[in-house]
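So the structure is just underneath, and the comments pick up after that.
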Amino acid sequence: MKLFDNKSKPELATRDWSAAFDLLQQGQFTGLHAECQMTDELLARLARCEHLTSLQLEGSRAVTDVGLRHLARLPNLQHLNLTNCDITDDGLNVLRELTKLRTFQLFHHYGVTDAGLSHLAACHQLERVEILGTPTGDGTLKALAGKSKLRHLKTGSRVTDAGLALLHEFPVFKSWQGETVSMWLLGFDAEPNHLLLRGSFTDAGIAKLVGLDGLFALNLDDSQLALSTECFKSLAQLPRLGWLGYDATDATMPHIAALPHLRFLMCQDTVAGDDGFAALSRSQTIEYIWGRRCHNLQARGFAALSKMPKLRALSVSCKNVSDDGLAALPDFPALRELMPIDVPDAGFRHVARCAELERLVLMYCRDTGDAATEHLTALKKLKYYFASYNLITDRSLELLSRIQSLEHIELVACAGVTDAGVAALTRLPRLRELRLGELPNVTAAGAASFAPHIRVSFP
Numbered sequence: 075m076k077l078f079d080n081k082s083k084p085e086l087a088t089r090d091w092s093a094a095f096d097l098l099q100q101g102q103f104t105g106l107h108a109e110c111q112m113t114d115e116l117l118a119r120l121a122r123c124e125h126l127t128s129l130q131l132e133g134s135r136a137v138t139d140v141g142l143r144h145l146a147r148l149p150n151l152q153h154l155n156l157t158n159c160d161i162t163d164d165g166l167n168v169l170r171e172l173t174k175l176r177t178f179q180l181f182h183h184y185g186v187t188d189a190g191l192s193h194l195a196a197c198h199q200l201e202r203v204e205i206l207g208t209p210t211g212d213g214t215l216k217a218l219a220g221k222s223k224l225r226h227l228k229t230g231s232r233v234t235d236a237g238l239a240l241l242h243e244f245p246v247f248k249s250w251q252g253e254t255v256s257m258w259l260l261g262f263d264a265e266p267n268h269l270l271l272r273g274s275f276t277d278a279g280i281a282k283l284v285g286l287d288g289l290f291a292l293n294l295d296d297s298q299l300a301l302s303t304e305c306f307k308s309l310a311q312l313p314r315l316g317w318l319g320y321d322a323t324d325a326t327m328p329h330i331a332a333l334p335h336l337r338f339l340m341c342q343d344t345v346a347g348d349d350g351f352a353a354l355s356r357s358q359t360i361e362y363i364w365g366r367r368c369h370n371l372q373a374r375g376f377a378a379l380s381k382m383p384k385l386r387a388l389s390v391s392c393k394n395v396s397d398d399g400l401a402a403l404p405d406f407p408a409l410r411e412l413m414p415i416d417v418p419d420a421g422f423r424h425v426a427r428c429a430e431l432e433r434l435v436l437m438y439c440r441d442t443g444d445a446a447t448e449h450l451t452a453l454k455k456l457k458y459y460f461a462s463y464n465l466i467t468d469r470s471l472e473l474l475s476r477i478q479s480l481e482h483i484e485l486v487a488c489a490g491v492t493d494a495g496v497a498a499l500t501r502l503p504r505l506r507e508l509r510l511g512e513l514p515n516v517t518a519a520g521a522a523s524f525a526p527h528i529r530v531s532f533p
């Protein structure tokens, strides 16, 4: 398990429960990540640590309703994750006692209903509730109505048209609170607020969202939703809607492009093809596109995207984009971040011509190797480089060490990287952070060779 607190103190990993309890009872840590090991008996002991503010119990299948009752003795608990615990509505009665709760998570759990989650009504400090995949809906929305601090909500799968009307009783969604907007290409969330909806609602239900003048991020990205292009008439009337998740098609892309304030589109694994992406390219406001495995995108659609005036971050599969299509990459006027999925190594010569590129994310790029990195030394403004599960070796790290603008590097599960390659990165004059994970041929000694001002993360 891992012990942590909300300050700058590093996490402490241990397998010794006795030692963990000693440290917790001494007040040295305020949080526990059980890493699937919690039981009812251990919860009974843990309840003596009244100062605890965070319990991450996901995956602890030995936790039952009996164990949950002990949480009533933790009056300061603020963060609770019960995903994959063996609990029912009976156990959730304890939520009535956790009045300081700020975040609650229970993903894809089929043993609870609105009756159990209704006890969240007593938790007036809630800021985040994530119950995606649970068979819950309008009853839970009713319990959460009026919570003035609730900014992030992922609903269960049984929200109806009637339930959507309840969202007008959520202050943060109802009116703009004047908070800072932030979003990022790899983020499933956004700030200052985010609403994910799942259920049997229709276009008529979406019409009931009109008047939610504070809603910024809305996720409707589910092919099972009974929505048509008609819903976009309502979405266009949301004055702060800057982030949208939607199961886009060629038919819906023109309507998405017409949304007047949209800055981020999540259309993960969209079936849209060139017609759809060409229509999307008419947007004058979109800055981020997360498409991932959009295998119907070809050269014509890709070239159309290069005409978008504000597009700064792009994640799409180029599996079926020809080399001539990839040649449009330098024409993207605002591009600063790129996830070049399925671009062959030779195609990285086009990436290298994106002179303003600052962030390169090689995720879902399993065939990318050193030949691709050979081209990247031309990127004089590159600040961030991420690579995971691909074919790069120490040669790539040697090449990266020549890109003097690099500040952040993250390497995950790259089996060809060794201590020798990591050592080459010590030559980077502006490097501030290095994150190393699941690298079988990198040792703690290799990760320790950097200057003290560089933050190095190594398991």
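The working numbering puts the sequence shown at residues 75 to 533.
Where a beta carbon is used, it is the ideal one built from N, C-alpha and C, also for glycine.
Residue from the options whose Cα sits closest to the Cα of residue i
| i | options | result |
| --- | --- | --- |
| PHE178 | ILE477, VAL186, ASP164, ILE205 | ILE205 |
| SER389 | ARG433, ALA332, LEU77 | ARG433 |
| ASP405 | LEU120, LEU431, THR173, ASP419 | LEU431 |
| GLY316 | ASN293, PRO328, SER92, PRO209 | ASN293 |
| LEU318 | THR303, LEU299, PHE338, CYS305 | PHE338 |
| HIS335 | THR138, PHE290, ALA346, CYS123 | PHE290 |
| ALA558 | MET437, PHE422, ALA461, VAL435 | The structure shown has nothing for residue 558, since the chain only spans 75 to 533. |
| LEU238 | ALA521, GLU253, LEU218 | LEU218 |
| SER128 | ARG170, VAL486, LYS174 | LYS174 |
| LEU34 | GLY165, SER475, HIS482, ARG176 | Because the chain in this structure spans residues 75 to 533, residue 34 falls outside the shown range and cannot be described. |
| VAL537 | GLU507, CYS341, ALA461, ILE477 | What the structure shows of the chain is the stretch from 75 to 533, and residue 537 is not part of that stretch, so it cannot be assessed. |
| ASP397 | ALA420, GLU512, HIS242 | ALA420 |
| SER231 | LYS223, GLU243, LYS248, GLY213 | GLY213 |
| ALA353 | ASP343, ARG367, LEU333, GLN342 | LEU333 |
| GLN478 | THR500, LEU169, VAL425 | THR500 |
| LEU194 | VAL186, ARG170, THR187 | ARG170 |
| VAL140 | ILE161, ALA121, ALA401 | ILE161 |
| GLU507 | LEU513, MET257, TYR458 | TYR458 |
| CYS428 | PRO407, ASP416, GLN298, VAL417 | PRO407 |
Rounded separation between residue i and residue j - CA only
| i | j | result |
| --- | --- | --- |
| ARG272 | PRO526 | 47 Å |
| LYS221 | ILE363 | 32 Å |
| ILE330 | TRP250 | 22 Å |
| ALA325 | GLY350 | 7 Å |
| SER531 | ALA489 | 17 Å |
| LEU283 | ARG119 | 46 Å |
| HIS369 | LYS455 | 30 Å |
| LEU502 | GLY495 | 13 Å |
| THR234 | PHE181 | 19 Å |
| ASN267 | ARG440 | 34 Å |
| MET75 | LEU106 | 7 Å |
| GLY207 | LEU453 | 43 Å |
| LEU131 | TYR463 | 28 Å |
| VAL137 | LEU269 | 29 Å |
| VAL435 | HIS144 | 44 Å |
| ARG89 | LEU98 | 14 Å |
| LEU579 | HIS449 | Coverage of the chain is limited to positions 75 through 533, which leaves residue 579 absent and any answer about it impossible. |
| LEU403 | LEU371 | 14 Å |
| LEU200 | THR276 | 28 Å |
| LYS81 | GLN102 | 11 Å |
| SER475 | GLN311 | 49 Å |
| THR517 | LEU510 | 10 Å |
| VAL395 | ARG366 | 14 Å |
| PHE262 | MET437 | 15 Å |
| LEU151 | TRP91 | 20 Å |
| LYS115 | VAL486 | The question names Lys, but residue 115 in the sequence shown is Glu. Cα-Cα distance, rounded: 36 Å. |
CB contact below 8 Å: residue i versus chain B
| i | result |
| --- | --- |
| ALA408 | Of the chains in the structure shown, none is chain B; there is only one protein chain. |
Burial state of residue i (16 or more Cβ within 10 Å)
| i | result |
| --- | --- |
| LYS83 | exposed |
| GLY211 | buried |
| SER134 | buried |
| ASP348 | buried |
| SER192 | buried |
| ASP295 | buried |
| SER357 | buried |
| GLY443 | buried |
| ASP96 | exposed |
| ALA260 | For the record, residue 260 in the displayed sequence is Leu; it is not Ala. Its Cβ having fewer than 16 others within 10 Å, LEU260 is exposed. |
| THR63 | In this structure the chain extends from 75 to 533, so residue 63 is not present and cannot be described. |
| SER391 | buried |
| TYR184 | exposed |
| THR303 | exposed |
| ARG225 | buried |
| SER355 | buried |
Any non-hydrogen atom of the ligand FAD within 7 Å of residue i CB
| i | result |
| --- | --- |
| LEU385 | Among the components of this structure there are no ligands whatsoever, and the ligand FAD is therefore not found. |
Every unbroken beta strand (DSSP E) within the segment 251-296, with a cutoff of 3 residues, ordered by chain: 268-270, 291-294
Length at least 3, wholly inside the segment 438-479: the beta strand (DSSP E) runs in chain order: 458-462
Continuous alpha helix (DSSP H) assignments of at least 4 residues falling wholly in the segment 185-246: 188-191, 212-218, 235-238
Within the segment 286-374, ranges of the alpha helix (DSSP H) (whole runs, at least 4 residues): 305-309, 327-331, 348-354
Three CB pairs or more closer than 8 Å across the segment 378-386 and the segment 412-422: no
Whole beta strand (DSSP E) elements within the segment 476-531, 3-residue minimum: 482-486, 507-511, 529-531
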